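First up is the structure itself, then whatever we jot down about it.
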Amino acid sequence: MKISMIVLTKNESSRIKECLESMHGWADEIIIVDDESTDDTCQIASNYTDKIFKRKMNLEGQQRNFGASKASNDWVMMIDSDERMTSELQQEIEERLADSDEKTVAYWVPRRNYIGNYWLRYGGWYPAAHIKVYKKGYLTWREGAHELVHPGIDIKDGYKGTTLTKDLIHYNFKNIEDYISKVNRQTTLDALKWHITGKKISFFRAIWKTFDRFGRRQIRKKGHKDGFYGFVASSLSGLYQFFTYIKFCEIKKYGSYLDIIENKKSISTDA
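Residue numbers (my numbering): 4 to 274.
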């Protein structure tokens with residue numbers, strides 16, 4: 004069963020080679036959709052594929068749908084520059100696609116999320132499956148104006164998805180600084196999403212959600228078993244709610260960050 008690998012990139016020269024190496028020789032086709040990188044990302048990628056498309060990313064869903072539209076094969080797999088294929092996952096994909104029924108058109112893949120070289124096994128970070136493999140024409144990414152971060156998906160009526168068992172490696176955060184940087188970018192986009200959708204949330208509810216999310220990660224989902232990094236991940240997960248709220252308030256009061264929407268400014272959302 005032939006499959007097209009689609010990789011979204013932006014200034015990923017330090018990571019793109021390992022990503023492409025992990026699929027090189029297995030994927031029937033590799034497609035790069037590059038968000039106007041200013042480094043050597045595309046030059047490095049050209050050693051693995053000639054299907055490189057430069058396109059500013061206004062909305063993540065649009066970028067993903069564009070990549071799928073360039074695929075020669077019916078089955079596609081979306082993978083980010085900080086993710087790595089494994090031989091076990093490749094074998095499972097081959098077996099499942101060869102034996103799939105006509106109604107199963109999408110597969111969620113479990114991911115091992117890392118901070119540096121530490122695998123976060125608890126706190127809800129594993130298996131944390133994401134939609135990765137699907138049949139073109141049966142699944143699309145949402146492109147609504149509010150889908151600024153973590154866009155949703157739509158599967159054609161009468162069809163379904165399921166979850167694979169083998170892992171995709173996800174080097175999510177290089178270190179704590181990188182983690183904080185990604186939280187900062189994504190909370191800005193989520194605050195804008197709240198603004199566009201007219202979300203209503205009080206100060207006390209925002210505070211409650213902050214502590215509740217920390218508690219669920221650290222205690223209920225046993226994030227404490229991951230030690231130092233488990234506490235860091237639980238804390239930043241809780242603070243994600245608080246940061247989104249205070250930026251939301253800033254938008255309402257001062258109109259901050261609205262230029263991101265007005266100018267369709269590109270922000271990486273690879274976390």
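For glycine and all other residues, C-beta sits at the position ideal for the given N, C-alpha and C. Just so you know, these numbers come straight off a predicted model, no measurement behind them.
- When secondary structure is reduced to three states using DSSP, Asp83 falls in the strand class.
- Counting only runs of at least 4 residues, the segment 196–237 fully encloses the following alpha helix (DSSP H) elements, listed from N- to C-terminal order: 206–218.
- Here Thr44 carries a helix assignment [DSSP, helix/strand/coil].
- The segment 191–200 makes no contact with the segment 90–110: fewer than 3 CB pairs, one atom from each, lie closer than 8 angstroms.
- In terms of Cβ geometry, Met88 and Ile172 form a close pair [threshold 9 angstroms].
- In this structure, the beta-carbon distance from Asp193 to Val152 falls below 9 angstroms.
- Minimum Cα-Cα distance from Thr107 among the listed residues Ile263, Arg18, Tyr243 and Leu167 corresponds to Leu167.
- If you look at Gly164, you'll find it in the beta strand (DSSP E) that goes Lys163 to Thr166.
- Taking 9 angstroms as the cut-off, the beta carbon of Tyr232 is found closer than this to the beta carbon of Ile118.
- When DSSP states are grouped into helix, strand and coil, Tyr260 belongs to the coil group.
- Residues of the same chain with a CB within less than 6 angstroms of the CB of Phe251, apart from the 5 flanking positions on each side, are Ala194 and Trp197 in chain order.
- Closest by C-alpha distance to Ser17, out of Ile47, Ile35 and Ser25, is Ile47.
- Contact check for Ser49 against Asp31 fails: the beta carbons are separated by 9 angstroms or more.
- CA-to-CA, the gap between Thr247 and Asp102 works out to about 43 angstroms.
- Cβ-Cβ distances below 7 angstroms link Tyr182 to Ile118, Phe176 and Leu239 in the same chain, with the five nearest sequence neighbours on each side left out; the list follows chain order.
- Considering only Ser40, Glu39, Leu123 and Leu11, the residue with the shortest C-alpha distance to Gly70 is Leu11.
- Less than 9 angstroms separates the beta-carbon of Asp83 from that of Cys22.
- Positions of the beta strand (DSSP E) runs, each at least 3 residues long and wholly inside the segment 76–141, are given as 78–83, 107–112, 114–118 and 133–138 in order along the chain.
- Cβ contact annotation for Ala209 (same chain, cutoff 6 angstroms, sequence separation greater than five): Tyr248, in chain order.
- Comparing alpha carbon positions, the residue from Arg223, Asp229 and Asn61 closest to Glu39 is Asn61.
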